[in-house]
Amino acid sequence: MVRRQMATAYGRAAFTLLELMVTMVIVGVIAAIAVPRMGAAADSAAYAASRRDHAQLQRQIELYAAEHMGVFPANSGDGTNAAHSSAAFVSQLTLNSRLSGVVSSSPSSSFLYGPYLRTGIPALKVGPKAGLNAVRVVTGTTRPDPSAAYAAGWVYSDTTGQIVPNIPDAATLEDAIVRLEGKSGVTGFGLGGGGAQIE
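Residue numbering for the sequence shown follows the numbering used here, beginning at 801 and increasing consecutively.
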């Protein structure tokens, strides 16, 4: 009698086991549909951000060369770090510089150029090297091919001025760019061969 009075006073006492199981199945189906879509959207956003970072890096490298008589970053020393080094590359793009490539942390009448990247080198956001913002510098006629051996997010040629994402599972340079840009038929990357590799 008491149970019957409680049920009528408060409506239904509780969910039945069957109702609870049906609800769980519905929630599971919705989750199975929604979670992969959210993951794909996150991947798409990471690739878009990496494409944007790659384009910005390439533009700033070209601007540096235009203002330094065709000499690309890291092709000369920065006054502290040797030519062909990652440290010279970073400082020449993130600090003020002279025409010779020597850098200073503050602008003056002697250091008229730059900085080209005010927030530093962006980290790669995709692939097994995601989260790394280090740059592997290659020199000579070597093209900047991605490699799992490099502990770097980007691979850069100080001879050609080309920078590419270090996506090591890409079979070729073109494949790394295609994977980043999400399209095919990419050409015109100054594909040379040979040369020394410098870290």
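Don't be surprised by glycine CBs; every beta carbon is placed ideally from N, CA and C.
Three-state secondary structure (DSSP) of isoleucine 861: helix
Proximity of serine 891 and asparagine 875 at Cβ, strictly below 9 Å: no
Whole-angstrom distance between valine 955 and arginine 936, CA atom to CA atom: 5 Å
C-alpha gap between histidine 868 and valine 938, whole angstroms: 20 Å
N-terminal and C-terminal residue of the alpha helix (DSSP H) that serine 891 is part of: 886-894
Sub-9 Å separation of aspartate 958 and phenylalanine 889 beta-carbons: yes
Contact set for leucine 820: own chain, Cβ-Cβ below 8 Å, skip 5 residues either direction: none
Cβ-Cβ distance between isoleucine 963 and glutamine 858 below 9 Å: yes
With 16 other Cβ atoms within 10 Å as the buried cut-off, status of isoleucine 861: buried
Contact check, asparagine 796 vs glycine 914, beta carbons under 9 Å: Here the chain covers residues 801 to 999 and nothing more, so residue 796 does not appear.
Extent of the continuous beta strand (DSSP E) to which tyrosine 956 belongs: 954-957
6 Å Cβ shell around lysine 925 - same chain, five flanking residues per side excluded: Ala846, Ala849 and Ser850
Cα-Cα separation between alanine 923 and serine 900, rounded to whole angstroms: 28 Å
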